[in-house]
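Peer 1:
Number of protein chains: 2
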Amino acid sequence: MGLKKTVGSDQDPTVWFQKIMKIVTLLLFLSLQLFARAQEKIVTGEQHCLYSSVLKEERRIRVALPRNYSNSKITPASYPVLYVLDGEMAFEYYTAIVNFLSKGVYASMPEMIVVGIDNTDRTRDMTPTRASKRAPDDSTKILFQNSGGAENFSTFIGQELTRFIDSAYRTSGFKLLAGHSFGGLFSTYHLLRGQPAFHAYLIHAPSLWWDHQVMLSQARQTLPKANFGRARVYVSQANNKEKGVFDAHFESIKMFKNICDSINNPSLAIRYEFYENEDHGTLPLPAAYNGLKFIFDGYQVDFKKIANNYASLSESYSAFSKKTNFHFQPSEYMLHFIVEYFKDNGKPAAAAAVLKQYQQLYPKTAPPTL
Amino acid sequence: MGLKKTVGSDQDPTVWFQKIMKIVTLLLFLSLQLFARAQEKIVTGEQHCLYSSVLKEERRIRVALPRNYSNSKITPASYPVLYVLDGEMAFEYYTAIVNFLSKGVYASMPEMIVVGIDNTDRTRDMTPTRASKRAPDDSTKILFQNSGGAENFSTFIGQELTRFIDSAYRTSGFKLLAGHSFGGLFSTYHLLRGQPAFHAYLIHAPSLWWDHQVMLSQARQTLPKANFGRARVYVSQANNKEKGVFDAHFESIKMFKNICDSINNPSLAIRYEFYENEDHGTLPLPAAYNGLKFIFDGYQVDFKKIANNYASLSESYSAFSKKTNFHFQPSEYMLHFIVEYFKDNGKPAAAAAVLKQYQQLYPKTAPPTL
Chain B
1 MGLKKTVGSD
11 QDPTVWFQKI
21 MKIVTLLLFL
31 SLQLFARAQE
41 KIVTGEQHCL
51 YSSVLKEERR
61 IRVALPRNYS
71 NSKITPASYP
81 VLYVLDGEMA
91 FEYYTAIVNF
101 LSKGVYASMP
111 EMIVVGIDNT
121 DRTRDMTPTR
131 ASKRAPDDST
141 KILFQNSGGA
151 ENFSTFIGQE
161 LTRFIDSAYR
171 TSGFKLLAGH
181 SFGGLFSTYH
191 LLRGQPAFHA
201 YLIHAPSLWW
211 DHQVMLSQAR
221 QTLPKANFGR
231 ARVYVSQANN
241 KEKGVFDAHF
251 ESIKMFKNIC
261 DSINNPSLAI
271 RYEFYENEDH
281 GTLPLPAAYN
291 GLKFIFDGYQ
301 VDFKKIANNY
311 ASLSESYSAF
321 SKKTNFHFQP
331 SEYMLHFIVE
341 YFKDNGKPAA
351 AAAVLKQYQQ
361 LYPKTAPPTL
Chain A
371 MGLKKTVGSD
381 QDPTVWFQKI
391 MKIVTLLLFL
401 SLQLFARAQE
411 KIVTGEQHCL
421 YSSVLKEERR
431 IRVALPRNYS
441 NSKITPASYP
451 VLYVLDGEMA
461 FEYYTAIVNF
471 LSKGVYASMP
481 EMIVVGIDNT
491 DRTRDMTPTR
501 ASKRAPDDST
511 KILFQNSGGA
521 ENFSTFIGQE
531 LTRFIDSAYR
541 TSGFKLLAGH
551 SFGGLFSTYH
561 LLRGQPAFHA
571 YLIHAPSLWW
581 DHQVMLSQAR
591 QTLPKANFGR
601 ARVYVSQANN
611 KEKGVFDAHF
621 ESIKMFKNIC
631 DSINNPSLAI
641 RYEFYENEDH
651 GTLPLPAAYN
661 GLKFIFDGYQ
671 VDFKKIANNY
681 ASLSESYSAF
691 SKKTNFHFQP
701 SEYMLHFIVE
711 YFKDNGKPAA
721 AAAVLKQYQQ
731 LYPKTAPPTL
């Protein structure tokens, strides 16, 4: 009776069934739509929200992985990590430059993981000391009152962020740091602090005027004698001197260059470049490109030469590893390409020689057959 | 009875209901998962598959939209479009460079839509004539047998692709084309063909050796006298001359430079740049950056000067519009920033003057109040 009562009414199971099937169909449709839309998107990376106990706040982190990171045809490799300050600005172009320079057999650098660190309180994090300054346009305004947090930020990067990245991704241990303007000031601070040490620094238009040039005093003390473990440092300066006035920003970078020129510390390789055609805003992209080329100078292999000198491949990587104080080896992708190239171009002995190196370095993968 | 019979069995509506609810819950969960995953991804663009009746095949097209494209706080604007050949290689870095150079009030160029065209048969599409060549490493191999499709590819771009982009997105009509190597050969062909005309061309390391330098003959005929409507052309060359041999690729670009130097055609602005530190592979990224800076030279506004000369803002855009033969005006974002800047820095008269221009250009939006 109870059942009968509902026949034909809203409680009828068949009506329910139809309603539910409509919902199921709709949900299926929506799922497929979402799936289809997701497939159409061009995805270059992923974001994480990381709680920092040191900074006592959530930080947004962007991560771009190398194109071969999930290539199932090769042995899972580990990669250097490039940490980029001002992630919301700089992550996109650093990722594009790294992908560009690490592509193909003429790659100028290894594939890398790019990590962008977005800002919350930029002045607080990037400045090594607590200082302030009157606004140039309005002397009643005091700028930078919440400053001097670089030590904390450095601890966050060195202890929390790098641990997270090293646990979440396959990292090789080779680390780079890149910053512009206040980010360049922080990168200089991080370099001079010594710990945690990175292997390379990209320092673009650093705000070295900060707090009576406190970082220049530090540089004069630390640069000549500390052991930087063969760190490679690229410093860039824009052509934006304000005419007719003393430009503290411009002059302080020139003074830093002079300090770098005056020291002779074999544990450190510094390159300074002046950009005649760039201003403070346009500098960081071309300087990122040239800076990475400087840091990885010597990485590129002239693989056609290997046909006449089989050892030149490993010699080239040995020389670069010595220069950077870190072990680099040919990627599996590159070895695969070289073997195929020699096979296809009538050089079976060269192909066999490279294949031998391939099998030594990547014993787990089936290498290209001869 | 018929109903009773099914109670407790597989046909029981309550069992059905439970089963369906499980499916519903699962689907809801999956939808949410997909949504959550999508939110974590960093998306820089979208892909389309476009069927070309001219080429008789599907083409993959990548599209990156300006960051303010969907900004609901401003009047929907239309944007120039940069068409990038070798989309699978070049789309990512062109997008990053365009986003970088068009950012903020010191923007060196307008925000743009970037369209990447992926390859299917690169040699066929990029080459203006049917020709072939023996492989340098193996004289029994004949290269480039399926060539000479540039006219078709040009028709695809000019008729099918631009129509699709113009119908799917808000485009201003200002169009640029960028290509490297064979893509540079095609861009040269497209420029010399005249129709459909683009406003600017980025031609990097073009393969002008193609078919006995057929494009150089064309250039000698067309460049001196055709009307290019003030097109801006940037030609870049890498430092990769093969030593000790006649390098046809290298020499043909030098010959093109000499032709460009020898003509005096006021409807065309050509800039050639040689890259001492770049090879054929590394050239296109820095040349893309410098090429865009050349094409948009004069676009950047020194907005602080406006305080002393209110007309300088519109004068600056007028001069650039005249130079490029196309109407450019300040973006709403920029005007908003300038009004706020003058308000905040004790310059109410300058703020009011810029606000007036704002209201004339963007009457539909509520501008910043004074």
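Those sequence lines, one after another, are chains B and A. Quick note: the first sequence uses the working numbering, first residue 1, plus one each step. Quick note: the second sequence uses the working numbering, first residue 371, plus one each step. All residues carry an ideal CB built from backbone N, CA and C; glycine is no exception. What you are looking at is a predicted structure, and each value in this text was computed from that prediction instead of being measured.
Return the Cβ separation of S78(B) and R170(B) in integer angstroms, given the expectation that the two are a contact with Cβ distance under 8 Å.
Peer 2: Confirmed, Cβ separation roughly 4 Å.
Peer 1: At 4 residues or longer, what runs of the alpha helix (DSSP H) sit wholly inside the segment 175-231 of chain B?
Peer 2: As far as the segment 175-231 of chain B is concerned, its whole alpha helix (DSSP H) runs of at least 4 residues are 182-193, 210-222.
Peer 1: Ignoring anything shorter than 4 residues, give me the alpha helix (DSSP H) runs that lie fully in the segment 74-119 of chain B, in order along the chain.
Peer 2: 87-101
Peer 1: What first and last residue would you give for the beta strand (DSSP E) that runs through G45(B)?
Peer 2: First-last of the beta strand (DSSP E) with G45(B): 41-52.
Peer 1: Hey, V603(A) and L555(A) are a contact pair by Cβ (cut 8 Å); roughly how many whole angstroms apart?
Peer 2: Not a contact, Cβ separation roughly 14 Å.
Peer 1: Just to confirm, is the Cβ distance from P286(B) to Y659(A) under 9 Å?
Peer 2: Contact: yes.
Peer 1: Of the residues that make up the segment 51-67 of chain B, which ones have a beta carbon closer than 9 Å to any beta carbon in chain A?
Peer 2: R62, V63, A64
Peer 1: Assign H560(A) to one of two classes, buried (16 or more other C-beta atoms within 10 Å of its C-beta) or exposed (fewer than that).
Peer 2: buried
Peer 1: Step through the CB atoms of chain A and report whether any lies within less than 9 Å of the CB of L145(B).
Peer 2: The sequence given here has Gln at residue 145(B), not Leu. Cβ-Cβ to chain A under 9 Å: no for Q145(B).
Peer 1: From the DSSP secondary-structure annotation, give me the bridge partner or partners of D508(A).
Peer 2: DSSP output for D508(A) lists A505(A) as bridge partner(s).
Peer 1: Within 9 Å (strictly less), CB to CB, does M625(A) reach chain B?
Peer 2: no
Peer 1: Taking DSSP's pairing of strands, which residues face L268(B) in a bridge?
Peer 2: A231(B)
Peer 1: Taking 9 Å as the CB-CB limit, is T44(B) close to chain A?
Peer 2: Chain A places a beta carbon closer than 9 Å to that of T44(B), counting this residue as a contact.
Peer 1: Can the beta-carbon of A231(B) be found closer than 9 Å to that of H199(B)?
Peer 2: yes
Peer 1: By the DSSP assignment, the beta strand (DSSP E) with E702(A) in it spans what residues?
Peer 2: Secondary structure note for E702(A): it is in no beta strand (DSSP E), and the uninterrupted alpha helix (DSSP H) holding it is 702-714.
Peer 1: In its own chain, which residues sit with a C-beta less than 7 Å from the C-beta of Q729(A), not counting the 5 before and 5 after it?
Peer 2: P737
Peer 1: Would you say F320(B) and F337(B) are within 9 Å of each other, going by their C-beta atoms?
Peer 2: Taking 9 Å as the Cβ cut-off, F320(B) and F337(B) do not qualify as a contacting pair.
Peer 1: So what does DSSP say about E278(B), is it helix, strand or coil?
Peer 2: coil
Peer 1: Are the beta-carbon atoms belonging to D86(B) and I117(B) less than 9 Å from one another?
Peer 2: yes
Peer 1: Tell me which residues share the same chain as M482(A) and place their Cβ nearer than 7 Å to its Cβ, disregarding the 5 neighbours each side in the sequence.
Peer 2: The residues are P436, Y449, P450, V451, L452, V468, S472.
Peer 1: Taking DSSP as the reference, what is the three-state secondary structure of L313(B)?
Peer 2: Helix.
Peer 1: Around the Cβ of T188(B), are there at least 16 other Cβ atoms within 10 angstroms (buried) or fewer (exposed)?
Peer 2: buried
Peer 1: Short check: CB of G104(B) to CB of I412(A), under 9 Å?
Peer 2: no
Peer 1: Does any C-beta atom of chain B lie closer than 9 Å to the C-beta of F707(A)?
Peer 2: Cβ-Cβ to chain B under 9 Å: no for F707(A).
Peer 1: For the beta strand (DSSP E) containing I157(B), list its first residue and its last residue.
Peer 2: Here I157(B) belongs to no beta strand (DSSP E), and DSSP marks it neither H nor E.
Peer 1: Contact criterion: CB-CB distance below 9 Å. Does F303(B) meet it with respect to chain A?
Peer 2: Judged by the 9 Å Cβ criterion, F303(B) is not in contact with chain A.
Peer 1: Taking all protein chains shown into account, do 16 or more other C-beta atoms lie within 10 angstroms of the C-beta of R37(B), making it buried, or fewer, making it exposed?
Peer 2: Model confidence at R37(B) stands at a pLDDT of 39, short of 50, so the residue's coordinates are unreliable; what they give is reported in the following sentence. R37(B) counts as exposed, since fewer than 16 other beta carbons sit within 10 angstroms of its beta carbon.
Peer 1: Hey, V485(A) and I431(A): beta-carbon distance below 9 Å or not?
Peer 2: yes
Peer 1: Flag I113(B) as yes if its beta-carbon sits less than 9 Å from any beta-carbon of chain A, otherwise no.
Peer 2: no
Peer 1: Can you list, in chain order, the residues of its chain with a C-beta nearer than 6 Å to that of R429(A)? Leave out the 5 residues immediately preceding and following it.
Peer 2: L420, S422
Peer 1: Rounded to whole angstroms, what is the Cα-Cα separation between Y317(B) and P266(B)?
Peer 2: Distance between Y317(B) and P266(B), taken at the CA atoms: about 20 Å.
Peer 1: Quick one: which chain B residues come within Cβ less than 7 Å of S478(A)?
Peer 2: What S478(A) touches in chain B, judged by beta-carbon distance under 7 Å, is T282, going in chain order.
Peer 1: Could you tell me the distance, in whole angstroms, from the CA atom of L223(B) to the CA atom of S217(B)?
Peer 2: 10 Å
Peer 1: Where does V385(A) sit, in a helix, a strand or coil, going by DSSP?
Peer 2: In the structure shown, V385(A) sits in a helix (DSSP, three-state: H, G or I).
Peer 1: Any beta carbon from chain B within less than 9 Å of T465(A)'s own beta carbon?
Peer 2: yes
Peer 1: Does the pairing of the segment 345-359 of chain B with the segment 295-315 of chain B give three or more beta-carbon distances under 8 Å?
Peer 2: The segment 345-359 of chain B makes contact with the segment 295-315 of chain B; the number of CB pairs closer than 8 Å reaches 3 or more.
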